[in-house]
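**Q** Quick note, the sequence shown lines up with residues 2 to 247 if you use the numbering used here.
All residues carry an ideal CB built from backbone N, CA and C; glycine is no exception.
Dropping a structure here in structure tokens format, bear with me for questions.
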Amino acid sequence: MRISLINVQVSEGNNIVPPLGILYIAAVLEQLGHELQVFDIDPDVTPCTEKILAFGPDLIGVSCYTNTYPKALRLVRELKARRPEAIYVCGGVHATAQPVETLREMKADYLVYAEGERTIAELTRHIETGGRQAIDRIKGLYYWDDGEIRSTGPPELIRDLDAIPFPARHRLSFEPYLVPPGMIRGYAMERVTTIFTSRGCPYPCTYCASHIVQGRKVRRRSPDNVIEELEALVADYGIRGFYICD
């Protein structure tokens with residue numbers, strides 16, 4: 002399938018960091034052989050509609066935080082008006098925190114809840130095979146059924162994080178993330194980038210939503226797997242420092 006992925010960027014205060022969540026999704030879809038187009042933009046500043054329409058995607062996926070949700074909503078409504086035949090999927094932190102409200106307001110076809118790598122792989126397989134796999138067997142999904150929103154229940158969290166491909170950073174022009182000014186890039190030195198070495202957090206901080214997506218149980222990548230990604234980032238992008246954002 003031809004798939005467009007859009008991360009609706011938090012651009013206020015020059016607070017631009019690589020969107021690792023959607024880049025993990027891109028890596029999984031790339032591994033499955035799909036043709037991809039990936040954006041990390043503020044659609045109010047950098048319109049992307051014409052590029053998406055020219056690409057002609059079969060599926061359009063949108064991810065956002067709560068503070069960028071209004072922009073994501075406007076973008077999806079515009080795209081649906083001009084490419085109604087595409088399948089629309091929403092995901093990310095806001096969608097996971099408010100799944101029913103998000104799916105209802107966005108009128109997307111599907112919502113991927115929490116950790117999305119396994120769910121998006123199964124969903125695209127379901128679509129490609131014409132629904133041979135029952136939709137209610139794909140965990141981590143909200144969908145429409147006869148005008149009602151249904152949930153398949155939370156996904157089983159991925160235990161072996163080494164099995165997930167590295168984020169598809171090559172799908173974006175990566176240099177702007179590495180030079181100052183900005184938070185993380187240029188905070189301590191130039192050419193700093195982000196990396197996850199684990200997922201999950203057991204602590205009950207009321208201001209943090211990480212457990213909604215990644216769960217309370219800590220799961221760690223192996224040291225060898227982390228080192229392999231670090232070495233690849235140094236070789237590919239000349240990285241001088243890493244911000245571990247577990």
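(1) Going by alpha carbons, who is nearest to L162 out of V219, P71, A27 and P100?
(2) Please list the segments of the beta strand (DSSP E) lying wholly inside the region 87-123, counting only runs of 3 or more residues, in order along the chain.
(3) For P44, collect the residues of the same chain with a Cβ closer than 7 angstroms to its Cβ; drop the 5 residues on either side in sequence, then sort them by chain order.
(4) With C-beta atoms as the reference, is R200 less than 9 angstroms away from P156?
(5) Our contact map puts L60 next to I4 with C-beta atoms below 8 angstroms; I'd like the distance itself, whole angstroms only.
(6) Inspect the CB distances between the region 25-45 and the region 166-175 and report whether three or more fall short of 8 angstroms.
(7) Is the beta carbon of G93 closer than 9 angstroms to that of Y1?
(8) Quick one: does the C-beta of R222 sit closer than 8 angstroms to a heavy atom of the ligand PLP?
(9) Along the chain, where does the alpha helix (DSSP H) containing Q32 start, and where does it finish?
(10) Tell me, which residues are paired with F243 by DSSP?
(11) With DSSP as the reference, identify every bridge partner of I61, one or two as the case may be.
(12) By the three-class DSSP mapping on this structure, what secondary structure does D237 have?
(13) With DSSP run on the structure shown, which of helix, strand or coil describes Y204?
(14) Under 9 angstroms between the Cβ atoms of T125 and M2?
(15) Could you tell me the distance, in whole angstroms, from the CA atom of Y244 to the CA atom of I213?
(16) Can you tell me where the beta strand (DSSP E) holding S152 begins and where it ends?
(17) Go ahead and label R138 buried or exposed: buried means 16 or more other beta carbons lie within 10 angstroms of its beta carbon, across all protein chains shown.
**A** In terms of the structure at hand:
(1) Position 161 of the sequence shown, counted from the start, is the residue given in the question as residue 162. That would be V219, whose Cα lies nearest to the Cα of L162.
(2) 88-92 and 111-113
(3) Within the sequence shown, residue 44 is the residue found at index 43, counting from 1. Closer than 7 angstroms at Cβ, skipping near neighbours: V9, K72 and L76.
(4) Locating residue 200 in the sequence shown gives position 199, counting from the first residue. Locating residue 156 in the sequence shown gives position 155, counting from the first residue. In this structure, P156 does not lie closer than 9 angstroms to R200 by Cβ.
(5) For the purposes of this step, residue 60 is taken as residue 59 along the sequence shown, with counting starting at 1. For the purposes of this step, residue 4 is taken as residue 3 along the sequence shown, with counting starting at 1. With 8 angstroms as the limit, L60 and I4 qualify as a contact, their Cβ atoms being about 5 angstroms apart.
(6) yes
(7) It is not possible to answer for residue 1, since the shown part of the chain is limited to 2 through 247.
(8) The ligand content of the structure shown is nil, which means the ligand PLP is not present either.
(9) Working through the sequence shown from its first residue, we reach residue 32 at position 31. Per DSSP, Q32 belongs to the alpha helix (DSSP H) from L21 to Q32.
(10) Here the question's residue 243 lines up with position 242 in the sequence shown. Partner(s): T194.
(11) On the sequence shown, position 60 is the one that residue 61 refers to. Bridge partners of I61: S5 and Y89.
(12) Here the question's residue 237 lines up with position 236 in the sequence shown. Three-state result, D237: helix.
(13) Walking along the sequence shown from the start, residue 204 turns up at place 203. Y204 falls in the coil class under three-state DSSP.
(14) Taking the first residue of the sequence shown as position 1, residue 125 is located at position 124. Taking the first residue of the sequence shown as position 1, residue 2 is located at position 1. The Cβ atoms of T125 and M2 lie closer than 9 angstroms to each other.
(15) Along the sequence shown, one-based indexing puts residue 244 at 243. Along the sequence shown, one-based indexing puts residue 213 at 212. Cα to Cα, the separation comes out at about 22 angstroms.
(16) Within the sequence shown, the letter at position 151 stands for residue 152. Counting along the chain, the beta strand (DSSP E) containing S152 begins and ends at E149 to S152.
(17) Counting from one through the sequence shown, the residue named residue 138 turns up at place 137. Burial is judged here by how many other beta carbons sit within 10 angstroms of a residue's own beta carbon; R138 has fewer than 16 and is exposed.
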